[in-house]
Amino acid sequence: MSNTLFELKKEDKYILLKILVAKIDASNALELKQVFLGFKEDQMPRNLVLNISEVRYIDSSGLSAVLVANKVCVEAGGIMILAGVSDHVMKLVRISQLDKILDILPTEEEAIDAVFIKELEKEFGAEDEAI
Numbered sequence: 000m001s002n003t004l005f006e007l008k009k010e011d012k013y014i015l016l017k018i019l020v021a022k023i024d025a026s027n028a029l030e031l032k033q034v035f036l037g038f039k040e041d042q043m044p045r046n047l048v049l050n051i052s053e054v055r056y057i058d059s060s061g062l063s064a065v066l067v068a069n070k071v072c073v074e075a076g077g078i079m080i081l082a083g084v085s086d087h088v089m090k091l092v093r094i095s096q097l098d099k100i101l102d103i104l105p106t107e108e109e110a111i112d113a114v115f116i117k118e119l120e121k122e123f124g125a126e127d128e129a130i
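Just so we're aligned, residue 0 is where the sequence shown starts under numbering that gives the first Met the number 0, counting upward by one.
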């Protein structure tokens, strides 16, 4: 799925959503929130890699959309990883103290690897409990 705001690719263990615009603000944050909330209804994979490498500015409504994505994933037993965060956006994330809540990695590739590691940990944890 793709539009002017984002590109979405559904994989077996995760969803990759790449933001295609330079700003996430009140003009587009609601659309993103609706997409994230739709993951739950559409029974999408519980893990999300949110690539924001194109984003240069995010306001409070944009940060709120990111938190909605994180909440949807956590409630489904998965993780949301923010990838490709620019220096300016990272400053805003830190000021908001969201770096303490969110999983943030430098690249999309590292975020995808982290999803697979988390899934393996869950599988091995379930096997240990069964023994």
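Every residue, glycine too, gets a C-beta built ideally from N, C-alpha and C.
Note that this is a predicted model, so its numbers are computed, not measured.
With distances taken from CA atoms, which of the options is nearest residue i?
i: L91; options: I78, T106, S63, T3; result: S63
i: E122; options: K17, G76, E40; result: G76
i: Y56; options: Y13, E30, H87, G124; result: H87
What are the start and end residues of the alpha helix (DSSP H) that includes residue i?
i: K32; result: 28-40
Is it the case that the Cβ atoms of residue i and residue j are separated by a distance below 8 Å?
i: D165; j: L81; result: In this structure the chain extends from 0 to 130, so residue 165 is not present and cannot be described.
i: L108; j: N50; result: The question names Leu, yet the displayed sequence has Glu at residue 108. No, the pair does not count as a contact, with Cβ atoms beyond the cut-off.
i: A28; j: S52; result: no
In the DSSP assignment, find the beta strand (DSSP E) that holds residue i and state where it starts and stops.
i: E6; result: 5-9
i: N46; result: Per DSSP, N46 belongs to no beta strand (DSSP E) and is neither H nor E.
i: K12; result: That residue, K12, is in no beta strand (DSSP E); it is neither H nor E in DSSP.
Going by beta carbon distance, what residues of the same chain come within less than 6 Å of residue i, once the five residues before and after it are set aside?
i: L15; result: K8, V48
i: K39; result: V71
Identify every run of the beta strand (DSSP E) within the stretch 70-106, keeping only runs that are complete inside it and at least 3 residues long; order them along the chain. 79-82, 102-104
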